[in-house]
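Let me begin by presenting the structure, written as structure tokens, before commenting on it.
Protein chains: 2
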Amino acid sequence: MDKTLLKLKALADRNRLRIFGALTQYEELCACQITELLQVSGATASRHLAILVTAGLLKSRKESRWVYFSLDESCDGMDNILDWLLPRLRQFDQIHGDFEVLDGIMAVSKEDLCRQQRGEACCPVQKTETTDG
Amino acid sequence: MDKTLLKLKALADRNRLRIFGALTQYEELCACQITELLQVSGATASRHLAILVTAGLLKSRKESRWVYFSLDESCDGMDNILDWLLPRLRQFDQIHGDFEVLDGIMAVSKEDLCRQQRGEACCPVQKTETTDG
DNA sequence: TATATAATTAGCCAAACAACTAATTATATA
DNA sequence: TATATAATTAGTTGTTTGGCTAATTATATA
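Note that the protein sequences, when read in sequence, are chains Z and G.
Sequence positions in the first sequence follow my numbering and run 129 to 261.
Sequence positions in the second sequence follow my numbering and run 129 to 261.
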């Protein structure tokens with residue numbers, strides 16, 4: 129039961145569900161992109177990602193200094209999880225917001241993204257703000 | 129997202145998963161039977177059941193003093209949840225243990241069960257103990 | 001080889017959660 | 001109508017969890 133419970137606990141958190149949702153939209157995302165999406169510290173994002181990997185829901189690969197995360201296709205029962213989860217995720221405002229934000233994040237190089245996260249205010253992300261305020 | 133998250137949180141607890149599992153085996157169980165299965169206080173069982181009902185996974189009906197719980201067939205996506213969960217639950221020792229315990233519980237009248245739970249040691253449950261100790 | 005950097009781990013704190021006992025509610029019956 | 005009883009709600013307590021900052025690890029590069 130513990131593996132099943134581990135998967136359920138891993139998904140039973142808003143931010144981790146958002147990570148999972150993001151990875152149904154983009155094949156692969158690196159830690160700094162997830163950090164940017166969730167608007168939490170890198171440490172927090174890293175811990176959430178570790179929980180999802182430990183549960184067997186995500187896999188990661190390291191390429192030089194970057195670590196990329198993706199859905200673990202080999203996860204036993206992943207198809208059934210997606211059957212249940214996908215139509216639900218598509219239904220929710222926050223996830224749609226995430227998808228839009230992600231598009232913005234992907235339009236920026238990881239280098240600039242990380243520079244930004246360090247507070248070096250060079251190369252600002254072009255925010256798609258409405259100017260009706 | 130909150131309804132989806134609510135369902136995931138509801139299932140992401142060992143005792144609640146056991147309740148859910150029990151109800152895949154027995155169409156309908158009353159609160160005192162669940163209490164007996166989990167070996168927790170009636171208040172604790174009641175709270176777990178309330179969480180599952182609130183999440184839309186279980187429904188309940190009251191019949192005189194007894195409250196009966198069952199899987200909520202009308203729960204949106206219940207089939208998909210079961211597709212994922214059933215083969216996993218069947219795999220685990222604790223759930224199989226639960227099924228055996230449940231058989232014992234169902235062999236006793238609810239009246240006797242509750243008497244027992246109140247400490248009135250009349251009409252003992254026939255435990256299927258092996259006598260090799 | 002010293003420095004910069006992406007990610008993780010360690011250590012801390014506040015909020016959420018699961019358990020308990022006691023009190024309350026709703027129903028049946030003497 | 002007073003009493004018993006099944007279930008729930010209220011209130012308390014210890015544990016788990018999710019967030020942070022600081023320290024560490026692994027990799028690239030000046």
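We put the CB at the ideal spot given by N, CA and C, even for glycine.
For clarity, every value in this text was computed on a predicted model and none was experimentally measured.
Below the 8 Å Cβ cutoff, chain Z contributes 129, 132, 133 and 136 as neighbours of residue 145 of chain G, in chain order. For chain Z, the residues of the region 223-253 of chain G that bring a beta carbon within less than 7 Å of one of its beta carbons are 223, in chain order.
Annotated three-state conformation of residue 218 of chain Z is coil, per DSSP.
The DSSP-derived three-state label of residue 199 of chain G is strand. Only residues of its own chain outside the window of five on either side were considered, and among them 170 and 173 have a CB closer than 6 Å to the CB of residue 163 of chain Z, listed in chain order.
Identification of chain Z residues near residue 209 of chain G by a Cβ-Cβ cut-off of 7 Å yields 212, ordered along the chain. Pairing residue 180 of chain G with residue 138 of chain G gives a Cβ-Cβ distance under 8 Å. In the assembly as shown, residue 132 of chain Z is a buried residue. Its beta-carbon has 16 or more other beta-carbons within 10 Å. Around residue 143 of chain G, the same chain offers 166 and 176 as residues with beta carbons nearer than 6 Å, after the five sequence neighbours per side are excluded. Between the alpha carbons of residue 199 of chain G and residue 220 of chain G lies a gap of roughly 20 Å. Within the DSSP bridge table, the entry for residue 189 of chain Z names Z/196 as partners. Rounded to the nearest whole angstrom, the C-alpha separation of residue 186 of chain G and residue 197 of chain G is 7 Å. Annotation: the continuous alpha helix (DSSP H) that includes residue 170 of chain G extends over 170-182. Among the residues of chain G, those whose CB is under 8 Å from the CB of residue 140 of chain Z are 133, 136, 137, 139 and 140, following chain order.
With fewer than 16 other beta carbons inside 10 angstroms of its own, residue 245 of chain G counts as exposed.
Contact annotation for residue 220 of chain G against chain Z: 129 [CB-CB distance below 7 Å, chain order]. By the beta-carbon neighbour count (other beta carbons within 10 angstroms, threshold 16), residue 190 of chain Z is exposed. A distance of 8 Å or more separates the beta carbons of residue 135 of chain Z and residue 178 of chain Z. Within its own chain, the residues whose Cβ lies closer than 8 Å to the Cβ of residue 233 of chain Z, once the five positions on either side in sequence are excluded, are 161, 164, 165, 241 and 253, listed in chain order. Distance from the CA of residue 129 of chain Z to the CA of residue 218 of chain G, rounded to the nearest whole angstrom, comes to 9 Å. Here the C-alpha atom of residue 230 of chain G lies approximately 21 Å from the C-alpha atom of residue 248 of chain G. Contact with chain Z is absent for residue 170 of chain G, since none of that chain's Cβ atoms lies less than 8 Å from the residue's Cβ. CA-CA distance, residue 225 of chain G to residue 146 of chain G, rounds to 10 Å.
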